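Novice: Add 476 to a position in the sequence shown, counting from 1, and you land on the number used in the working numbering. A single structure is presented below for examination.
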Amino acid sequence: MLGRVDTRSVSPVFVGRAGELTALTEALARADAGEPQALLVSGEAGVGKTRLVEELLDTACARKAVVAVGGCVEIGADGLPFAPFSTALRSLLRRLPDELIAAADGQEGELARILPELGQSGREALGEDSTARLFELTVRLLERLAADRTVVLVLEDLHWSDASTRNLLAYLFRALRRGRLVVIATYRADDIHRRHPLRPLLAELDRLRSVRHLELSRFTRAEVATQLAGILAAEPDAALLDEIFTRSDGNAFFVEELACSYGTGCRPGLSESLRDVLLVRVEALPEHAQRIVRIVAEGGTTVEHPLLLAVSRLAEDDLIEALRLAVGANILLPVDDNSYRFRHSLVREAVSDDLLPGERSRLNRRYAEALEAHPGYVCADVRTTRLAGYWYNAHDAAKALPVVLSAAVEARQRYAHSEQLRLLERAMELWDDAPPEVLATLRPPDDAEVYPACAGGTKTSALSYLDLMAEATVAARFGGDRERALAISKKAMRVLERDTDPLRAAWFWTQRSRLMQDLTRGDGWQELATAQELVRGLPPSAVHADILVNIASWGALHRPGPDALAAATRAVEYAELVGAEFIELHARLTHGWLTADAGGIEEGLAEMYAVRDRAAEIGAVGIIGRAGTNLPSTLEAVGRSAEAVTAAELAIAVCHQRGLANSESWVRGNLAQSLTSLGRWTEADRVLDEAAALALSRKTRGLIADRRAELALRRGDLAEARSQVDAARAFYGTHDPQPQHSISLSRMAMSVAARQGRLADAREEFRQAVGRGFPPGTQRYALPLLCAAVAMEAGALGLPGAAEGRARTLAAVRAEAKRLPTIVPVWQAYGLLLDAELARAEGRTTPDLWGRAAVAFEQTGRPYETALAQCGWAAALLDAHADRSAAAGPLARAHALAAGLGARPLAEETEQLAARARIALDADPGRAALTGADTDPVRALGLTPREQDVLRLVAAGHTNRRIAEELYISPKTASVHVSNILGKLGVSGRTEAAATAHRLRLFRDPAA
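This is the structure in structure tokens:
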């Protein structure tokens, strides 16, 4: 190995960049204060990105910060999965061994996929959430390390980054919420062409307000002069400065190279070609040193000393002499006392481009042969990938194909599914060139979900091209490239048209169903039906069970009922028969959910609890996440909100511990719904904020918007409620409608429209909801919708033009209500509320129904609905001319609950009713008192006699001109009175004012 070698061409003086360095040091200071920082540093190749970052790192080290640097690796055209993160974490492990091991405690198996030094990777079954889980655990590891110390993480050369690195970086920048952490990523701006894979990530990061982007420009003439003075140790003469500035165009690295070439006396013969400028220093070396530089250029970003010794075929002393010359010329740099890299990648690219095709192929073969003979020359986590790259670039398909497939397996085990896909596509490219004897040694994939490895169901036959496409389909889906997965599956189906294999065809149709739903191209049913038809009559298999569990899950979401329950039952039976426990657990979870919806509540919930516990026992991460979502939702559906909260909190802890961020977000959304039901609205707000920070999928964001809309509606913030309903619908999309989403959103949109006086729009929302239907099991959503629809009609009694259409709405409500079961207390309470509202909408006064509804809701622990029913009870008692003292208790109870919750519209309604009945509300519901004041209910609202007259005519639907004629005043005066009335009633328009007058029964005959 080399000792210290003196080099000179880099200016000892840091030139320019004052603004950029200030921004970086300010970010470091904010991180010291506990605010994590994310920065992008970009500029063309050679502009000085690395030098700028090095200046910051010097400052960070002086402040006792821990620094870790990792660079993206270019191996031919391939990047290593997670390369910069692996390198940086390895550095942190050396610097903070005890702290990193403590931070990774309990998750070593997962984190070993990025940092193999932590131990053996876990053997959990793969799933679409595997990568997201790994990302969440990585972010959490960094946050824990930076909890009580400042950590600066630098990721260089993103233009070479692999897809997994890009995805992890995007996740890190989005999810980073705490810790004294600075993350800096650099890239070459001039390499980012229109189709560069980094471009979408940069666009995404530009939208994040938490990410700061520093773009480095070229040096000015004055800055070049300062740089040259540092390099030459003297002020440059004007002619030399002008020539170098003109030819370098202010690029810092080119300034160095030109200064070096002038210093070596090469000035007269310099070519204008950039490559020639970059090669001048290389060509000044002796031939044996030039040869070593060419070998290093083809070995990758970094080359280990033992591997270089084997490939060069030199004696070690001769190799060290050649390396010393290259390092002394500032072409190569020693790394970690065991490896070498080019000081600047531009020089490596120039040297590599200068190689002849045959020379490049021969060097790659020698690298491959040396590494194959001595695997210990390189780290185990990069060995297979580098060997695959060497053999591929050596153009030896027989050698390359098996190693490429092995590298794909390793990528899959690290959850680097995008790199796995790229390697599998490379294997498909090599397939036709590989000799038959090599193909015969290859075996089918060992984890492509339940794909049948061969027609006989065993894995002893040779790998086929179709098998490759199956594994590539799964890799693309897991890696998030669903368009590519769909394209591969379509290509596979064309192959299967020639080679009849119904089992494999059914597997591909099932994949296409998932992809169609994920891509919002359809609901996926036709594909599932095709798959089911293909396996009809075939012997039982895991593919059968997988199709049935997908059909059951699809039915539970789209058409819940007996057919979906029967499909779940068959899925359980088939999974048991073929010994597919993971599929069986998924099927049992769906079966329990549907059983509870069908009325077998205790049986269904017991099955769901058993699945949850078994999944935790065997570490079935995907099922853990799903059970954590479905179980609290089902408990909430049957009115067991407190139990749902307990189940959700346990699920959140498990999801957080496992790194299931999106599942945790969904569980938090369900938790917020139960907290809302229990009247814990402030807690629900906090939980939804936490859920929003974790949400990854559009449907999860839709759920959060759905929950926020409910809270806004109950609080009376109609604009916010409407905005959140619109957001939820946009997130859910239109191609895959599900009753669990559409019914609740229709109810809220209808209620908002009704409260804003848009009765026609509200009725249209209801009509569309009824048209879509309420499948079995959707009573939890349908009953509140029906109650809201009838309340809308009751509130519109007496409004001009409202009578037309009311009968249709009420008839539709009655027809739908007959089909909805009310077998649990909360559904029974809604049934009583519905009966009471129907009576009110038909002009009948039924205090007993309202009283029963109030008691029923109070027994279920739902304060908002209790207040609603208590208010209706008090109003019905007053309308029935009962003793005011009878109404005082329910009215005070309703007001106390509504005010305590922050349900402003309901609280105001109780206050207006109290004023009408001359009942004094007290903070204590049991101490409401009757007042003896001779107050008219209209005057109690603060209306003058003339305003009362105007309001009576507004309630009758009169225009300002008609009011003026009736009252012998001018239209302008009528307009002023109407404006005053709107302000006193706290409403936004004439229609709302009329509705308020009718709801409070202020005028017996408004048209009179």
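Idealized CB from N, CA, C, for every residue including glycine. This structure is a prediction, so every number in the text was calculated from the model and none was measured.
Say whether the region 1160-1168 touches the region 1201-1215, bearing in mind that this needs 3 or more beta-carbon pairs closer than 8 Å, one atom from each stretch.
Specialist: no
Novice: In the DSSP assignment, find the alpha helix (DSSP H) that holds Val1121 and state where it starts and stops.
Specialist: 1117-1134
Novice: Please confirm whether Leu915 has its beta-carbon closer than 8 Å to some beta-carbon of chain B.
Specialist: Here chain B cannot be found, since the structure has a single protein chain.
Novice: Consult DSSP for Gly1080 and reduce its assignment to one of helix, strand or coil.
Specialist: Of the three classes helix, strand and coil, the one that applies to Gly1080 here is helix, per DSSP.
Novice: State the Cα-Cα distance for the pair Phe954 and Thr607, rounded to the nearest angstrom.
Specialist: Cα-Cα distance, rounded: 8 Å.
Novice: On a Cα-Cα basis, can you pick out the residue from Thr861, Ser693, Phe611 that is closest to Gly524?
Specialist: Ser693
Novice: Secondary structure at Leu918, three-state DSSP: helix, strand or coil?
Specialist: coil
Novice: Among Gly1233, Ala1258, Gly1253, Asp1237, whose alpha-carbon lies nearest the alpha-carbon of Ala1272?
Specialist: Gly1233
Novice: Specify the secondary structure class of Phe1058 as computed by DSSP and reduced to three states.
Specialist: Note: Phe1058 maps to helix in three-state DSSP.
Novice: Quick check on this structure: which residue in Val1452, Lys1448, Gly1433 has the alpha carbon closest to the alpha carbon of Thr1420?
Specialist: Val1452
Novice: Quick one: residues in its chain with C-beta nearer than 8 Å to the C-beta of Pro878, no 5 flanking neighbours on either side, listed in chain order?
Specialist: Val914, Thr917, Leu918
Novice: Note the first and the last residue of the continuous alpha helix (DSSP H) segment covering Ser965.
Specialist: 958-974
Novice: To the nearest angstrom, how far is it from the Cα of Gly932 to the Cα of His871?
Specialist: Caution applies to Gly932, whose pLDDT of 41 falls short of 50 and renders its modelled position unreliable; the model cannot decide the point.
Novice: Please classify Val489 as buried or exposed, where buried requires at least 16 other C-beta atoms within 10 Å of its C-beta.
Specialist: With fewer than 16 other CB atoms across the displayed protein chains lying within 10 angstroms of its CB, Val489 is exposed.
Novice: Is the beta carbon of Tyr1306 less than 8 Å from the beta carbon of Pro1260?
Specialist: Contact annotation: Tyr1306 and Pro1260 have beta-carbon atoms nearer than 8 Å.
Novice: Contact defined as beta carbons within less than 8 Å: I believe Leu734 pairs with Ile720. What is the distance between those atoms, to the nearest angstrom?
Specialist: 5 Å
Novice: Using the Cα positions of Ser562 and Asp943, report the straight-line distance between them to the nearest angstrom.
Specialist: Ser562 and Asp943: Cα-Cα distance of roughly 31 Å.
Novice: How long is the line joining the alpha carbons of Ala521 and Leu648, rounded to whole angstroms?
Specialist: 26 Å
Novice: Judging by CA-CA distance, which residue of Leu1309, Ala622, Phe611 is the nearest neighbour of Ala646?
Specialist: Phe611
Novice: Using alpha carbons as the reference points, say which of Asp909, Gly1319, Ala1431 lies closest to Glu1269.
Specialist: Among Asp909, Gly1319, Ala1431, the Cα nearest to that of Glu1269 belongs to Gly1319.
Novice: Roughly how many angstroms separate the alpha carbons of His689 and Arg683, rounded to a whole number?
Specialist: 11 Å
Novice: I'd like the span of the beta strand (DSSP E) that includes Ala661, first residue to last.
Specialist: 657-664
Novice: Three or more C-beta pairs under 8 Å: does that hold for the region 1246-1253 against the region 1027-1047?
Specialist: Proximity of the region 1246-1253 to the region 1027-1047 meets the contact definition, three or more beta-carbon pairs being nearer than 8 Å.
Novice: With Leu631 as the anchor, note down where its beta strand (DSSP E) starts and where it stops.
Specialist: 627-632
Novice: Excluding sequence positions up to five away, which residues of its chain have a Cβ less than 7 Å from the Cβ of Ala1315?
Specialist: Thr1322, Leu1325
Novice: Which residue wins for smallest C-alpha separation from Ala938, given the options Glu925, Pro920, Glu1468?
Specialist: Pro920
Novice: By a C-beta neighbour count over all protein chains shown, 10 Å radius and 16 as the cutoff for buried, is Gln1244 buried or exposed?
Specialist: By the neighbour-count rule (16 or more Cβ atoms within 10 Å), Gln1244 is not buried but exposed.
Novice: Quick one: what's Gln513 bridged to in DSSP?
Specialist: DSSP, once it has assigned bridges, lists Val658 as partnering Gln513.
Novice: Report back the beta-carbon spacing between Ala1471 and Leu1275 to the nearest angstrom; my notes put them in contact at under 8 Å.
Specialist: 6 Å
Novice: Is the distance from the Cβ of Val658 to the Cβ of Gln513 below 8 Å?
Specialist: yes
Novice: Keeping to the same chain, check which residues put their C-beta closer than 6 Å to that of Ser989; ignore five residues upstream and five downstream.
Specialist: Gly1000, Glu1003, Leu1004
Novice: When we look at the beta-carbon of Ala1469 and count the other beta-carbons within 10 Å, is it buried (16 or more) or exposed?
Specialist: buried
Novice: Does the beta-carbon of Tyr1444 have 16 or more other beta-carbons within 10 angstroms, so that it is buried, or is it exposed?
Specialist: exposed
Novice: How about the region 1048-1060 and the region 1012-1021: do they share at least three Cβ pairs that are nearer than 8 Å?
Specialist: Of all C-beta pairs linking the region 1048-1060 to the region 1012-1021, three or more are shorter than 8 Å, placing the two stretches in contact.
Novice: Does the beta-carbon of Gln993 have 16 or more other beta-carbons within 10 angstroms, so that it is buried, or is it exposed?
Specialist: Under the 10 Å beta carbon count, Gln993 is surrounded by 16 or more other beta carbons and is classified as buried.
Novice: Taking only three categories from DSSP, how would you classify Phe818?
Specialist: strand
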